[in-house]
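Report on the structure given below.
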Amino acid sequence: MVNHGPPIITISLAVALVTLLVLPVPGLGQEEAVVASDQCVACHSDLEVLPHDYIVEDVHMKAGLGCAGCHGGDPMSDDDEVAMSPKAGYVGAPAKKDISKFCGKCHSDIEFMRRYQPRIPTDQASQYATSVHGIRLARGDENVADCTSCHTAHGILAVKDSRSSVYALNVPATCNKCHGDAKLMSGYGIRTDQYEKYAQSVHGKALLENQDVGAPACNDCHGNHGAMPPGITSVRQVCGHCHVNNMQFFTASKMGAAFDREELHGCEECHGNHDVKRTADDMVGIGDAAVCIDCHDEGDKGYETAGKISGLLTALTTVYDQAETKREEVSRIGMDDEEIGFVLQEAHQSLIQARTLVHTFDDVKVGVQTSAGTAKAQEALDLAIEQIQEHGVRRRGFGLATIFITILVIALFLKIRQLPDS
Amino acid sequence: MPRKRQRIFGWLDERFHISPLIEFMRHKKVPVHRHTVWYYMGGVALFLFVVQVATGILLVLYYQADEEAAFESVRFLMTKVPFGWLIRSIHSWAANLMVLFVFIHMFSTFFTRAFRKPRELTWVSGFTLLALALFFGFTGYLLPWNELSFFATKVGTDIAGAVPFIGNAIKVVLRGGEDVTGATLSRFYAIHIAIIPAIFTAILVLHLLFVQRQGMHEPEYVAKLPSDKKKMISFFPNFLMRDMLLWLMVLNVLIFLAVFFPWELGHKADAFAPAPSGIKPEWFFMFMFQTLKVLPAHILFMEGEVLGILFFGLVGVAWMLVPFWEIKHRPDKRVRPMTVIGVTAILYIVVMTIWGYLE
Amino acid sequence: MPATRRQFTNLLLGGGLIGWLGSVVYPIVSYLKPPEVPEANVQTVNAGPAAEFEPNAGQIIKFGRLPVIVIKTATGDFRAFSATCTHLDCIVQYRSDLRQIWCACHNGLYDLKGRNVSGPPPRPLDEFAVNIVNDEVLVSRLA
Numbered sequence: 000m001v002n003h004g005p006p007i008i009t010i011s012l013a014v015a016l017v018t019l020l021v022l023p024v025p026g027l028g029q030e031e032a033v034v035a036s037d038q039c040v041a042c043h044s045d046l047e048v049l050p051h052d053y054i055v056e057d058v059h060m061k062a063g064l065g066c067a068g069c070h071g072g073d074p075m076s077d078d079d080e081v082a083m084s085p086k087a088g089y090v091g092a093p094a095k096k097d098i099s100k101f102c103g104k105c106h107s108d109i110e111f112m113r114r115y116q117p118r119i120p121t122d123q124a125s126q127y128a129t130s131v132h133g134i135r136l137a138r139g140d141e142n143v144a145d146c147t148s149c150h151t152a153h154g155i156l157a158v159k160d161s162r163s164s165v166y167a168l169n170v171p172a173t174c175n176k177c178h179g180d181a182k183l184m185s186g187y188g189i190r191t192d193q194y195e196k197y198a199q200s201v202h203g204k205a206l207l208e209n210q211d212v213g214a215p216a217c218n219d220c221h222g223n224h225g226a227m228p229p230g231i232t233s234v235r236q237v238c239g240h241c242h243v244n245n246m247q248f249f250t251a252s253k254m255g256a257a258f259d260r261e262e263l264h265g266c267e268e269c270h271g272n273h274d275v276k277r278t279a280d281d282m283v284g285i286g287d288a289a290v291c292i293d294c295h296d297e298g299d300k301g302y303e304t305a306g307k308i309s310g311l312l313t314a315l316t317t318v319y320d321q322a323e324t325k326r327e328e329v330s331r332i333g334m335d336d337e338e339i340g341f342v343l344q345e346a347h348q349s350l351i352q353a354r355t356l357v358h359t360f361d362d363v364k365v366g367v368q369t370s371a372g373t374a375k376a377q378e379a380l381d382l383a384i385e386q387i388q389e390h391g392v393r394r395r396g397f398g399l400a401t402i403f404i405t406i407l408v409i410a411l412f413l414k415i416r417q418l419p420d421s
Numbered sequence: 000m001p002r003k004r005q006r007i008f009g010w011l012d013e014r015f016h017i018s019p020l021i022e023f024m025r026h027k028k029v030p031v032h033r034h035t036v037w038y039y040m041g042g043v044a045l046f047l048f049v050v051q052v053a054t055g056i057l058l059v060l061y062y063q064a065d066e067e068a069a070f071e072s073v074r075f076l077m078t079k080v081p082f083g084w085l086i087r088s089i090h091s092w093a094a095n096l097m098v099l100f101v102f103i104h105m106f107s108t109f110f111t112r113a114f115r116k117p118r119e120l121t122w123v124s125g126f127t128l129l130a131l132a133l134f135f136g137f138t139g140y141l142l143p144w145n146e147l148s149f150f151a152t153k154v155g156t157d158i159a160g161a162v163p164f165i166g167n168a169i170k171v172v173l174r175g176g177e178d179v180t181g182a183t184l185s186r187f188y189a190i191h192i193a194i195i196p197a198i199f200t201a202i203l204v205l206h207l208l209f210v211q212r213q214g215m216h217e218p219e220y221v222a223k224l225p226s227d228k229k230k231m232i233s234f235f236p237n238f239l240m241r242d243m244l245l246w247l248m249v250l251n252v253l254i255f256l257a258v259f260f261p262w263e264l265g266h267k268a269d270a271f272a273p274a275p276s277g278i279k280p281e282w283f284f285m286f287m288f289q290t291l292k293v294l295p296a297h298i299l300f301m302e303g304e305v306l307g308i309l310f311f312g313l314v315g316v317a318w319m320l321v322p323f324w325e326i327k328h329r330p331d332k333r334v335r336p337m338t339v340i341g342v343t344a345i346l347y348i349v350v351m352t353i354w355g356y357l358e
Numbered sequence: 000m001p002a003t004r005r006q007f008t009n010l011l012l013g014g015g016l017i018g019w020l021g022s023v024v025y026p027i028v029s030y031l032k033p034p035e036v037p038e039a040n041v042q043t044v045n046a047g048p049a050a051e052f053e054p055n056a057g058q059i060i061k062f063g064r065l066p067v068i069v070i071k072t073a074t075g076d077f078r079a080f081s082a083t084c085t086h087l088d089c090i091v092q093y094r095s096d097l098r099q100i101w102c103a104c105h106n107g108l109y110d111l112k113g114r115n116v117s118g119p120p121p122r123p124l125d126e127f128a129v130n131i132v133n134d135e136v137l138v139s140r141l142a
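Chains as they are written, first to last, in numbering that gives the first Met the number 0: chain A, 0 to 421; chain B, 0 to 358; chain C, 0 to 142.
As structure tokens, then:
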């Protein structure tokens with residue numbers, strides 16, 4: 000088909016190309032776009048004196064605040080005397096003790112912030128003032144963290160952005176920048192092994208290896224802007240925020256009251272703080288790995304109870320393991336393990352709940368779950384043995400079939416004998 | 000003949016002229032001598048084949064030849080379907096017994112020299128049936144898709160792939176790809192329930208036709224007797240009834256094995272798990288497998304494994320063509336060459352099989 | 000005498016044959032009848048008549064070898080999820096007071112889309128499709 004009309008396709012392409020070159024398209028030449036409008040960035044990048052932590056994706060830059068939004072001055076002028084004049088509002092970089100107020104200029108003003116993010120909290124500066132870092136800074140200690148220590152100054156990214164220094168997975172490394180520095184911490188007598196311990200802990204492994212952002216990082220227990228080590232009574236509450244059942248059982252138990260009296264650190268006494276390991280049944284009881292014997296000696300009531308609870312758990316796990324092994328065998332030989340599997344799951348659930356009930360430190364309460372679980376595990380074991388012995392039924396069927404075959408064989412044999420010329 | 004039977008016979012005879020056939024059948028005779036017992040071996044193999052077809056058809060009703068579903072369908076068969084365990088175990092045991100009896104039948108005809116003229120083609124077709132039975136076993140072994148069968152198939156097809164020149168093509172065509180996957184399962188299933196049964200049945204019919212047409216072979220010392228000295232019984236009904244008696248006993252043995260030594264289900268195959276220790280092929284491949292294992296990695300300029308495979312290939316072809324190269328026995332010599340060859344073969348198979356299991 | 004012997008043999012043969020045939024036919028006929036759950040890899044399960052489900056309530060059913068929780072929300076929608084908690088494999092339950100799915104073991108909570116919203120569960124519950132056909136609640140795997 001011959002087309003005699005205007006070359007419409009060519010014209011459209013040309014228009015598109017020109018448009019792309021002229022208009023700042025998001026993602027295309029961001030750098031160029033920013034440079035074009037912000038003379039601060041233009042000049043500083045030409046002279047190669049941009050801040051070392053500057054990235055073009057910084058949230059303030061992307062929101063259009065630019066350098067002048069925090070530092071003041073005139074971003075339109077390329078004359079540095081004009082651009083950075085106090086008359087234009089230039090305030091320069093704040094001193095360390097003023098950083099919190101500097102950021103708080105906007106971040107504590109909800110009326111300002113809400114036009115950018117309606118839901119954003121505006122209590123960071125006031126919380127910071129109550130934190131260890133804030134209090135020390137106010138007293139003149141310049142070695143502590145300020146807003147930029149964790150958030151950076153010119154490379155700030157949203158908390159939800161996985162590249163951000165305050166993204167959940169990156170928080171431990173950010174805190175460790177100072178808290179892992181032995182020279183820095185020696186002045187305060189603070190240990191520097193928290194990150195190391197944390198990385199080995201069940202929380203650290205969940206966060207850092209499994210990338211499970213539901214696992215607690217430093218700020219979940221210590222707070223963000225109001226960072227403080229949890230107080231003695233509040234350790235329980237902090238852990239209990241996620242480990243609800245354990246906290247409730249513990250608080251209601253005799254141990255809970257005793258811990259308060261002795262001013263012991265709740266969960267931390269037995270489980271540690273930064274190095275919380277995955278729990279094991281041998282932590283309960285009177286064996287070498289048990290935590291109970293750290294305080295309880297042979298002869299006291301606690302020692303006795305620990306032994307009882309440990310015994311109950313062991314009884315259940317023993318039967319459970321036996322039943323599981325048998326169920327495996329049933330499956331391997333090709334018998335029906337479906338019902339057994341369901342019963343075993345119930346036993347497993349009782350075991351899990353019994354382990355949580357350890358925190359009641361009451362062998363009667365634990366016993367309720369363990370006996371239910373042991374009964375179920377025993378039921379599963381019996382079912383499994385029954386399946387393996389089901390061959391009994393089959394053998395009787397075989398016997399019957401053999402009888403019929405034998406009759407027929409005898410009959411045939413007789414018949415053959417009767418045939419001529421046999 | 001009773002009236003009813005006579006009427007049916009008459010009706011059929013009118014249309015198909017079957018009286019000559021009936022007369023032929025009625026006069027068929029089977030020689031009776033000290034080796035008569037071996038005459039039954041082929042019949043037992045045939046019976047077991049029929050059992051396989053019957054149980055196989057029943058299994059097809061529940062089995063699903065899909066990588067995800069295969070193992071579960073066998074588990075379902077064994078645990079939920081009434082008597083499913085019985086059908087499955089009978090099928091597995093009868094497979095092994097069938098191969099055993101085919102070997103026995105083959106060696107008995109070998110030692111009685113039944114392969115001689117005019118029965119060369121009976122032997123050749125029979126050997127083909129043996130090879131097909133082994134292939135039946137190999138393809139069927141994969142179908143439950145458990146760990147052992149998956150890896151045994153992997154190893155088996157790897158060995159097939161070691162044949163020079165055409166080996167890789169064979170391997171890829173068998174596997175339906177480079178690796179053992181669901182595609183392999185589909186192919187093996189098709190081969191096992193359609194392709195081999197068709198070929199096997201056709202050759203079996205030929206084999207039986209040859210036997211019917213030519214009658215039973217008589218060992219030398221019987222053939223030399225004058226006809227009035229030869230003891231004979233009629234095939235129908237005497238020999239046939241004895242056949243059925245034996246078949247009934249074999250059936251009882253099968254059920255006994257299925258009940259007291261049921262076939263296990265095993266663990267579902269996982270292509271990414273490391274091979275479990277103790278992968279073995281089925282017993283009837285063990286002697287070849289063990290031979291390949293003990294051959295050194297290199298012999299002269301060839302890989303040991305390739306040499307082994309070629310050796311067995313050549314032996315197979317030679318065995319199939321035995322009627323044509325038989326070393327005739329010289330009456331003045333005590334040793335009969337073919338007997339020696341046969342006994343050597345059996346000894347080799349037995350020793351290598353036992354050795355394979357001891358390792 | 001021989002006639003009676005012959006008769007006896009024939010009787011034995013006939014009787015034996017019938018008995019034997021019975022012992023072969025009976026298993027085969029039983030085998031041919033499909034079992035209650037007709038499939039190995041269950042794709043769909045009938046959870047019962049829709050009317051038998053109370054609103055704002057949940058029920059655990061067996062889906063082949065898996066436990067599945069079927070919920071009728073307060074507004075009458077049906078939802079179905081895997082009932083195995085993604086934390087440590089306990090069986091979850093529906094809490095009509097919280098209007099969410101709860102795990103008794105460690106207080107895990109999932110919303111009515113199966114998403115893990117609170118507590119230790121690291122992943123959401125697998126969702127199952129629910130179709131009401133002829134007033135029967137049919138639960139099946141998501142395509």
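C-beta: ideal position from N, C-alpha, C; glycine also.
Item	Value
Span separating the alpha-carbon of tyrosine 61 of chain B from that of isoleucine 90 of chain C	32 angstroms
Local conformation of glycine 107 of chain C per DSSP, three classes	strand
Proline 330 of chain B vs glutamate 146 of chain B beta-carbon contact at 8 angstroms	no
Residue-level contact to chain C via CB, methionine 211 of chain A, 8 angstroms cutoff	For the record, residue 211 of chain A in the displayed sequence is aspartate; it is not methionine. Closer than 8 angstroms to some Cβ of chain C, the Cβ of aspartate 211 of chain A qualifies, so yes.
Sequence-distant residues of its chain with Cβ nearer than 7 angstroms to tryptophan 19 of chain C (five each side left out)	none
Per-residue DSSP class, three states only, for tryptophan 324 of chain B	helix
Residues from the region 396-418 of chain A in contact with chain B, defined by Cβ distance under 7 angstroms	Phe397, Ala400, Thr401, Ile404, Leu407, Val408, Leu411, Phe412, Lys414, Ile415, Leu418
C-beta atoms of leucine 264 of chain B and valine 73 of chain B nearer than 8 angstroms	yes
Chain-ordered chain C contacts of glutamate 337 of chain A [CB-CB under 7 angstroms]	Arg64
In DSSP terms, what glutamate 302 of chain B is bridged to	B/His297
Range covered by the alpha helix (DSSP H) that runs through glycine 103 of chain A	98-106
Given proline 119 of chain C as reference, the closest of C/Val132, C/His105, C/Ile131, C/Ser95 once Cα atoms are compared	C/His105
Closer than 8 angstroms to chain C by CB, glutamate 67 of chain B	yes
Test item: CB-CB of isoleucine 332 of chain A and proline 261 of chain B under 8 angstroms	yes
Rounded C-alpha distance that separates glutamate 195 of chain A from aspartate 361 of chain A	35 angstroms
Same chain, Cβ closer than 6 angstroms to alanine 181 of chain A, neighbours up to 5 away in sequence not counted	Thr191
Contacts of isoleucine 27 of chain C in chain B (Cβ-Cβ under 9 angstroms)	Ala53, Leu57, Phe82, Ile86
DSSP state of tyrosine 89 of chain A mapped onto helix, strand, coil	coil
Endpoints, the alpha helix (DSSP H) within which glutamine 425 of chain A is located	Summary: the structure shown does not reach residue 425 of chain A, with chain A confined to residues 0 through 421, and so no result is reported for it.
The alpha helix (DSSP H) enclosing glutamine 99 of chain C, as first and last residue numbers	Not the alpha helix (DSSP H): glutamine 99 of chain C falls in the beta strand (DSSP E), residues 99-102.
Residues of the region 72-104 of chain C with Cβ closer than 7 angstroms to any Cβ of chain A, in chain order	Leu87, Asp88, Cys89, Ile90, Ala103, Cys104
Contacts of asparagine 40 of chain C in chain B (Cβ-Cβ under 8 angstroms)	Gln63, Glu67, Ala68, Glu71, Ser72
Whole-angstrom distance between serine 36 of chain A and proline 23 of chain A, CA atom to CA atom	Note that proline 23 of chain A scores 49 on pLDDT, short of 50, meaning its location in the model is unreliable; the coordinates nonetheless yield the value given after this. Using only the alpha carbons, I get a separation of about 11 angstroms.
With 16 other Cβ atoms within 10 Å as the buried cut-off, status of arginine 33 of chain B	exposed
Length of the line joining the Cα atoms of phenylalanine 127 of chain C and methionine 282 of chain A	39 angstroms
Helix, strand or coil at phenylalanine 260 of chain B according to DSSP, with G and I counted as helix	coil
Element boundaries [alpha helix (DSSP H), containing arginine 2 of chain B]	2-15
Proximal chain B residues relative to valine 36 of chain C, where beta-carbon distance stays under 9 angstroms	Phe75, Lys79
Distance CB(proline 123 of chain C)-CB(glycine 113 of chain C) smaller than 8 angstroms	yes
Proximity test, Cβ basis, 8 angstroms: isoleucine 254 of chain B and chain A	yes
Helix, strand or coil at proline 143 of chain B [DSSP, three-state]	coil
Residues bridged to glutamate 126 of chain C (per DSSP)	C/Phe80
Min CB distance asparagine 106 of chain C to chain A below 8 angstroms	yes
Sufficient close CB pairs (3 or more, under 8 angstroms) joining the region 220-236 of chain B to the region 154-163 of chain B	no
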